[in-house]
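In our numbering, the protein residues as written are 14 to 100. Built from N, CA and C at the ideal position, the CB exists for glycine as well. Since the structure is predicted, the reported quantities are computational estimates derived from the model, not experimental observations. Written below as structure tokens is the structure these notes are about.
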Amino acid sequence: MPNTKSAIKRLRQSERRRTQNKAARSQLKTAVKKVRAASEPEQAAGFYREAAKLLDRAASRGLIHKNQADRSKGRLAAHVKRVGGTP
Numbered sequence: 014m015p016n017t018k019s020a021i022k023r024l025r026q027s028e029r030r031r032t033q034n035k036a037a038r039s040q041l042k043t044a045v046k047k048v049r050a051a052s053e054p055e056q057a058a059g060f061y062r063e064a065a066k067l068l069d070r071a072a073s074r075g076l077i078h079k080n081q082a083d084r085s086k087g088r089l090a091a092h093v094k095r096v097g098g099t100p
């Protein structure tokens, strides 16, 4: 357990950040899964737009690396094209 006031505060902050990051990662994974599971072109395109926003937001907040976000968006866009939609 932390002993100083500053260490106690850092513990509180890190716990809050951990739970927020965990929720954001979970939301991101769900959005990506929705794109992959979509079978109709317009539905896949809609899910792709939402997932792309979340990927960019996660990258800007440092949750994932920018290159990882770009790579994921590219792969999802290719998937949407295969389904027959336009990303």
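The alpha carbon of Leu67 has as its nearest neighbour, out of Asn34, Gln40, Gln81, the alpha carbon of Gln40. Shown here for Asp69: same chain residues with a beta carbon closer than 7 angstroms to its own, the five before and five after excluded, namely Ala82 in chain order.
By the beta-carbon neighbour count (other beta carbons within 10 angstroms, threshold 16), Gly97 is exposed. Here the segment 35 to 52 lies against the segment 86 to 96, with 3 or more beta-carbon pairs under 8 angstroms apart. Setting aside the 5 residues that flank it on each side, Ala44 is surrounded in the same chain by Glu63, Ala64, Leu67, each with a C-beta closer than 6 angstroms to its C-beta; the list follows chain order. Spanning the alpha carbons of Gln33 and Glu53 requires a straight line of approximately 32 angstroms. With fewer than 16 other CB atoms across the displayed protein chains lying within 10 angstroms of its CB, Ser19 is exposed.
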